[in-house]
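Taking it in order: structure first as structure tokens, then the write-up.
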Amino acid sequence: MHLDSIIKRATGLVLALGLLFVLACGSSDEAAAPAAKKADPTATPTTQLAVPEMKIPTATSTTVPPKPGVTVAAKPKATNTPVSTGPKPIYGGTTAIGGEDVGGDAADPVSGQAGYGWSGLGLIGNLWSQVLRFSLADKQTVATDLAESWSMDADGKTYRFKIRTGIKDHEGNAFDAHDVAYSIYRMLERPNKLSSKRQGCLRAYVNPVNDENGKQRADAGVEAISATELVIRLAAPRTAFVACFVSPWTAIVPDTYVKAIDDSGTYRDLSPVKGELIGTGAFKALKVEPDNLMQMERNPNYFLSEYPYLDGYTIYAIPDANTRVAAFLSGKVDYLGLFGDAASPADAERIIKQLGADKVRTPAVNANGWRGFPLNVMKAPFGPVGDPKADDLRDAIQWAANREEFNKLGFNGTGHVATPYFIGWEWIYTKDQWFKEYRGFDSSADVKAKDLADAQALMTKHGYSKSNPLKVYFVCATGNRKDCEIFDQQLARIWIEADLYLTPDYASADAAGKSGDFQIIQISKGLSFQDPDGYNVSTYLLESDGGRNFSGYVNPEWKKLMDQQLTMNDQAERAVVLRKMARLFHDDANMIGMVRPGVIGLHRSTWQNWTPPIVHTDSYSLERVWLSK
Amino acid sequence: MTAPTFFLYHERTMSKYIIRRLFLFFPTLIGASLFIFALIRIMPGDVATIILAGPSGDANFTEEDVVMLRERLGLDRPLPIQYLDWVWGLVTMDLGNSYVLDRPIAGEIKRQFPVSLELGFFTILITWLIAVPIGIIAAVKQDGLTDYILRGIAILGLAMPSFFVGLLVIMGLSITFNWIPPLGFVHLWEDPAVSLQQLLFPALALGFSVNGTLLRMTRTQLLETLRDDYVRTARAKGLSERVVVMRHAVRNALLPVVTIAGAQMGLLFSGTIVIENIFNIPGIGRGVLDAAFNRDLPMVQAYLTYFVLVSLSANLLVDLTYAWLDPRIRYS
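Protein sequence lines, in the order shown, are assigned to chains A and B.
Under this note's numbering, the first sequence is numbered contiguously, ending at residue 629.
Under this note's numbering, the second sequence is numbered contiguously, ending at residue 332.
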């Protein structure tokens, strides 16, 4: 046999063996990075849930700041209630999460990118702490975090925080009130003016730090009085300040890197690949590989000694939705993140069918956003307010809009019907009261049929019909195209023919003189508590006040009530005023509130014998998910 | 003609051919760069406004913010200056920063390129290992049941886009075996066993359609060659059918297949855009899709240039290989 023939055969044999080896490796279950410890297969199923399961948290009086002069101190220990009723949970271990991305690309909490995402926050938010946060016990009320205690002055404009001592960041450096002050300063006045819109509510309420000459104002919005004392000064009393401040968006970063970046004049975001993602949170970043994975490990110096329960977790970037489901089915990940990472109801059903209802939980959670359609009430055909024809046309739309249909078509039915304010604000009205008091929101078949008939009658009264439709101009952000098309179909039922103009951003449309007769508005301002104060800033106030009210109309009586409720710290008294505001808001019908989106998060329910609690996205954090003690 | 003179002549004609091809290479690259630059600039919407407006387009910002950002991004300069600056950046590998990631683009490509190269290499290897032998078998067993089955598979490969095959593979694995390749990409040199598990399935999916073309090409070329006189002569000499096919016919039949394989490299790289997303491979394809979704225009611009460069280089390499293998090409 010739030598070249032997070499060729040997090469062929090696390649064939290599291929066989690869195929054989295919049955291995080892992951490249540390994988989750698997659940005990003998574990008793704890809960069986239908899809979707909904929990809408209700805001409680705990959103109220402490009475002037009263100091609220941190509770000595979290008192969470165990969720699991199965075998004794196993603490520690690592887990794996599948996300659309690892969230590291715009990881800086004050990212210059307006789109700093929720899923990123949920997954990597554990790096940081906040001054105040949601209670780990009920996930709704205010609790202290970096602050040991806090109080509000009698003027309702000054908040004082006592920052804990002995806090160390992930690199072991001392951390104090000066770090906190710099973080808040960065949210308020980032020198390049590219602060994330997520802290918009903070900027709306808190005084600027510097004057026009760049010198610190006497009434600076934030000031570290000492290493343990922090003061925040508001421009006016704002009840919603606390709601804004406990939002996970106000994550505090140590000033080690941010100060150096800002001092250098580059003002860039914190870089995940340069190892700048440090915080004081429960977990620290061990490995960050963009588009691939982010590995976290327990912070041994975490100031809340009883947390976290996990030793670590790895977030895997799985951009394709089908692959995320496949990763979940195969047990490569124990949890699918929220929003872009969430499963569709169809996928959730498929997973339950394959794994069994006892092996998976599918909590549906509220998204912290809103979809609505503001009408231009400053000119015909939808204005001015008070003009009988314009009032009728707006009423017709209010009645004909089918929120539940919008919810089903736009959000797979996981969204929630939006009233002038959110339906979850049961301290203003219960859901039934909302439906009874305000026409148009109830989408049950018989009610909606009557609403639609009456809406058509109003249109007929003004001479509109199928053959003679009202032609209007509808500006829609490209990202909301689907929502706009659904609403467009609903308008057609009352013979409104909308000329849909798609724009990547409203500023371009405004500049081109194409603001439209109505638009779509998508609001997500990083406000965690369902407080209308924060959302009204977006929906009814002028752009200069932090809202996007494209028509410029504000009901003067509503504005008066708005100012009045800002100084009210008793929620029961405040609710009375808010009801009046809701009535005005509805009757003006300058904003057709449609839906609050929802998402489905998937958990492997028996992970380490724990059944994860259903969490609201506001309080989503791995310190608590799965392992609430 | 003596042997050294022949080789000298051979080298000269090859050098001339290389120079001729390079003369075509650079003007094409410059033309493509101008086209890409213009394409990005004529897209609707101001980049600064798009960034400030955020993904939903409803973020608030002032005209001052727009001016500041345009200045920061260098968009306030005349277009020819922007173009020259960009071309100089290409030459010096300083492609600026990504708008969205705020990181150097060159660094991103440097990180992603080896990943895509591994996938591409693996795909080509698998393609050749599967398509060529099967093509040969199909030709040898012409019009038999085996041939029909193999041709059927080839047509299926041609008909099914790689992303669809990828989805079928990933869903099939998870539903049937409760298994998918390990998550968290590792390079071949870091952990070969894990890396091979991660690369095998995307390479198979990606190679499936390429396989179809190569298989059919190999079969057709081999059938033609098997009818040539020299093959008949070889048979008449009493050589075994295996020797006739493998030693005489296949070598010559594979020459045009090389050309097709080279041309398909461009297709292979475009295929990675979706396949890398499906199989969590953090390569160039994934970067392209992210950049396009995020409207990260400098990144898109850099990736397009990269694709042009890869395609042109692949074509150049194929042409040179072909010229080296077949002297008629370089003499023409």
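Note that CB positions come from ideal geometry on N, CA and C, so glycine has one too.
Exercise for the section: Indicate the three-state DSSP secondary structure (helix, strand or coil) for Met-152 of chain A in the structure shown. Expected result: Annotated three-state conformation of Met-152 of chain A is strand, per DSSP.
Exercise for the section: Any chance you could list the beta strand (DSSP E) runs of at least 3 consecutive residues sitting entirely within the region 198–243 of chain A, in chain order? Expected result: DSSP assignment within the region 198–243 of chain A yields the following whole beta strand (DSSP E) runs of 3 residues or more, N-terminal first: 222–224 and 229–233.
Exercise for the section: Mind the definition here: the region 209–222 of chain A touches the region 250–269 of chain A only if three or more C-beta pairs lie below 8 Å; say whether that holds. Expected result: no
Handout entry: CB of Gly-279 of chain A within 8 Å of CB of Asp-454 of chain A, strictly
Key = no
Problem - Three-state class that DSSP yields for Lys-629 of chain A in the structure shown - result: Because Lys-629 of chain A carries a pLDDT of 36, less than 50, the predicted location of this residue cannot be relied on, and no value is offered for it.
Exercise for the section: Could you name the residues of chain A that Phe-23 of chain B contacts, counting a contact when the two beta carbons are closer than 8 Å? Expected result: Going along chain A, no residue has its Cβ under 8 Å from Phe-23 of chain B, so there is no contact; the nearest lies around 38 Å.
Exercise for the section: Output, in chain order, the set of chain A residues within a Cβ distance shorter than 7 Å of Met-93 of chain B. Expected result: Near Met-93 of chain B there are no residues of chain A at all, since even the closest Cβ is about 18 Å away, more than 7 Å.
Handout entry: Coarse secondary structure for Glu-276 of chain B, derived from DSSP in three states
Key = helix
Exercise for the section: With Leu-125 of chain B as the anchor, note down where its alpha helix (DSSP H) starts and where it stops. Expected result: 105–140
Handout entry: Spatially closest choice to Trp-150 of chain A from A:Val-242, A:His-178 and A:Ala-260, by CA coordinates
Key = Of all alpha-carbon atoms in A:Val-242, A:His-178 and A:Ala-260, the one lying nearest the alpha-carbon of Trp-150 of chain A is that of A:Val-242.
Handout entry: Contact the region 340–355 of chain A vs the region 490–501 of chain A: 3+ CB pairs below 8 Å
Key = In this structure the region 340–355 of chain A does not touch the region 490–501 of chain A; the number of beta carbon pairs closer than 8 Å is below three.
Practice task
Tell me whether the beta-carbon of Val-206 of chain A lies closer than 8 Å to the beta-carbon of Leu-230 of chain A.
Solution key: Result no, Cβ atoms of Val-206 of chain A and Leu-230 of chain A do not sit closer than 8 Å.
Exercise for the section: Can you grab the Cα-Cα spacing for the pair Lys-482 of chain A / Glu-573 of chain A, in whole Å? Expected result: 40 Å
Exercise for the section: Measure the Cβ-Cβ separation of Ala-154 of chain B and Arg-216 of chain B and say whether it is below 8 Å. Expected result: Ala-154 of chain B places its beta carbon less than 8 Å from that of Arg-216 of chain B.
Exercise for the section: Verify the CB distance criterion: does Pro-319 of chain A have a CB-CB separation below 8 Å to chain B? Expected result: yes
Practice task
Go ahead and label Pro-68 of chain A buried or exposed: buried means 16 or more other beta carbons lie within 10 angstroms of its beta carbon, across all protein chains shown.
Solution key: In this prediction, Pro-68 of chain A has a pLDDT of 47, which is less than 50 and means its spatial position is unreliable; nothing more can be read from the coordinates.
Handout entry: Where Leu-293 of chain A meets chain B, residues with beta-carbon distance less than 7 Å
Key = Within chain B, the residues near Leu-293 of chain A are Gly-184.
Problem - Leu-375 of chain A vs Phe-518 of chain A beta-carbon contact at 8 Å - result: yes
Handout entry: Residues near Val-165 of chain B by beta carbon distance below 7 Å, same chain, minus five either side
Key = The beta carbon of Val-165 of chain B is closer than 7 Å to those of Ala-205 and Phe-208 in its chain, skipping five residues each way along the sequence.
Handout entry: Residue nearest to Val-250 of chain B in terms of C-alpha spacing, selected from B:Ile-136, B:Gly-184 and B:Val-66
Key = B:Ile-136
Practice task
List the residues of chain B whose Cβ lies closer than 8 Å to the Cβ of Arg-268 of chain A, in chain order.
Solution key: Within 8 Å Cβ-Cβ: Asp-102.
Problem - Distance CB(Ala-498 of chain A)-CB(Asp-488 of chain A) smaller than 8 Å - result: Closer than 8 Å, so yes.
Practice task
Taking 8 Å as the cut-off, decide whether the C-beta atoms of Phe-640 of chain A and Met-591 of chain A are in contact.
Solution key: This structure gives no information on residue 640 of chain A, because the portion of chain A shown stretches from 1 to 629.
Exercise for the section: Assign Gly-152 of chain B to one of three DSSP states: helix, strand, or coil. Expected result: Note: Gly-152 of chain B maps to helix in three-state DSSP.
Exercise for the section: Assign Ile-30 of chain B to buried or exposed, taking buried as 16 or more other Cβ atoms, counted over all protein chains shown, within 10 Å of its Cβ. Expected result: exposed
Handout entry: Inter-residue spacing [alpha-carbon to alpha-carbon] between Leu-578 of chain A and Gln-490 of chain A
Key = 29 Å
Problem - Collapsed DSSP secondary structure at Thr-220 of chain B in the structure displayed - result: Reduced to three states, the DSSP call for Thr-220 of chain B is helix.
Problem - Coarse secondary structure for Tyr-303 of chain B, derived from DSSP in three states - result: helix
Problem - Backbone secondary structure at His-248 of chain B - three-state DSSP - result: helix
Handout entry: Chain-ordered neighbours of Ala-327 of chain A on chain B, where CB pairs are closer than 8 Å
Key = Ser-174, Ile-180 and Leu-183
Exercise for the section: Under 6 Å Cβ to Cβ from Tyr-302 of chain A, same chain only, skipping five residues before and after it: list those, please. Expected result: Ala-282
Problem - Within the region 281–358 of chain A, ranges of the alpha helix (DSSP H) (whole runs, at least 4 residues) - result: If we require 4 residues or more, the alpha helix (DSSP H) runs fully inside the region 281–358 of chain A come out as 321–329 and 345–355.
Handout entry: chain B within 8 Å of Gln-354 of chain A, Cβ atoms only
Key = yes
Handout entry: Coarse secondary structure for Phe-382 of chain A, derived from DSSP in three states
Key = coil
Practice task
Establish whether the CB of Thr-95 of chain A and some CB of chain B are separated by less than 8 Å.
Solution key: no
Handout entry: Where the alpha helix (DSSP H) containing Arg-481 of chain A begins and where it ends
Key = Where Arg-481 of chain A is concerned, the enclosing alpha helix (DSSP H) stretches over 481–492.
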